[in-house]
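The numbering used here numbers the first residue of the sequence shown as 30 and each following residue consecutively. Beta carbons: idealized from backbone N, C-alpha and C, even for Gly. First comes the structure, then the notes that go with it.
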Amino acid sequence: MKNDGPTFLFIHGAGGTQSKWRLIKEAFTSDEATFIDLPGRKKNAELSERTIREFSSALSSSIGEDTIVVGHSMGGLIAMDLAIKNPNVKGIVLVASHFHLPVHEKVLNQLENGTFPEGLFFASYSKQADTKLLEEEKEELSLVDMNQIFIDFSACNDYKNGKETFAELQVPILIIYGDEDRMLPKDSREQVLALNKHTSIKTIEKSGHYVMLEQPEKLLVELRNFQKEVSVLKGSEIT
């Protein structure tokens, strides 16, 4: 069946690939969703983007007419930057993301020296995360060069105008949190609601930072509901 609503563009987070969306990918046809690998990995390994704005510029041609951009973590920063520049972006979904994603200096130092911090890895998932999933995710780390992972995390840390960008957005914004996410500021919900009236929030239980891997079915429900909401608003201005 042809989808007449807005299409989705999925952007993974720092150190990841489109494989992070693997548990929801089959729910979409190729006509209604695009899952991209950011520059610096796989076929894009020779590209030299190093900042959120550079990543955003590299993806601008991927935005079709009436697109909802879904960004996980760092991908959420890129989604915001795309939405502020491109009128074809009709809504954004920030999955376990925020307008400011600072990274501790110790983490950056370890990444720069070629080591992914074990504490950071386990803090990214809920306490009841499936053992098989964690094993898969450790394997996933090998898909991206450690230098690129350092570049990604540095890009998050260096993106300083996210608050202003978020406040200026004039499209519907859905933010989806995992209730056990330890990577975001504790008051992130209050911050975003105070900054932009177009923001709605959903919290998914039994999930850490990787909502799409721990609770894919629940995430899909929220994405489909948001798609319907944006379809209703299509062609009209938000006031």
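List the endpoints of the continuous alpha helix (DSSP H) containing residue i.
i, result
"G69", "Unbroken run through G69: none, as it is neither H nor E."
"F150", "E147 to A152"
"I92", "Unbroken run through I92: none, as it is neither H nor E."
"G105", "M103 to K114"
"S260", "P245 to L262"
How is residue i classed by DSSP in three states: helix, strand or coil?
i, result
"K57", "Note on residue identity: the sequence assigns Phe, not Lys, to residue 57. Reduced to three states, the DSSP call for F57 is coil."
"V240", "helix"
"A272", "There is simply no residue 272 to check, as the chain begins at 30 and stops at 268 in what is shown."
"K49", "helix"
"I267", "Reliability of the predicted coordinates at I267 is poor, the pLDDT of 49 falling under 50, and the value obtained from them is presented with this limitation in mind. Looking at I267 - three-state DSSP - the assignment turns out to be coil, as it is neither helix nor strand."
"I97", "strand"
"K235", "coil"
Just reading off the beta strand (DSSP E) that residue i is part of, what are its end residues?
i, result
"S217", "Careful: S217 lies outside any beta strand (DSSP E), inside the alpha helix (DSSP H) at S217 to L224."
"L130", "Where L130 is concerned, there is no enclosing beta strand (DSSP E), given that its DSSP letter is neither H nor E."
Where residue i and residue j are concerned, what is the direct C-alpha to C-alpha distance, given to the nearest angstrom?
i, j, result
"V250", "I233", "11 Å"
"R218", "L106", "16 Å"
"L88", "P116", "14 Å"
"T144", "S77", "21 Å"
"L198", "G191", "11 Å"
"E36", "G93", "Residue identity check: residue 36 is Thr in the sequence provided, not Glu. Answer to the nearest angstrom: the Cα atoms are 8 Å apart."
"M118", "V98", "Note on identity: in this sequence residue 118 is Val, with Met being the wrong assignment. One C-alpha to the other measures close to 7 Å."
"N176", "L140", "7 Å"
"I204", "N142", "33 Å"
"R79", "S90", "18 Å"
"A43", "L262", "31 Å"
"I230", "Y206", "8 Å"
Apart from the five residues on each side of it in sequence, which residues of its chain come closer than 8 Å, Cβ to Cβ, to residue i?
i, result
"N186", "L130, P131, V132 and L137"
"L149", "V136"
So, for residue i: in the same chain, excluding its five sequence neighbours on each side, which residues have a beta-carbon less than 6 Å away from its beta-carbon?
i, result
"L252", "none"
Suppose the cutoff is 7 Å on Cβ atoms and the five residues either side in sequence are ignored; what does the same chain contact list for residue i look like?
i, result
"A112", "V98, V118, I121, L198 and V200"
"Q256", "G34, P35 and I97"
"P68", "L76, E78, F84 and A87"
Which runs of the beta strand (DSSP E) fall wholly inside the stretch 154-233 and span at least 3 residues, in chain order? Listed in chain order, the complete beta strand (DSSP E) runs (minimum 3 residues) inside the stretch 154-233 are 202-207 and 228-233.
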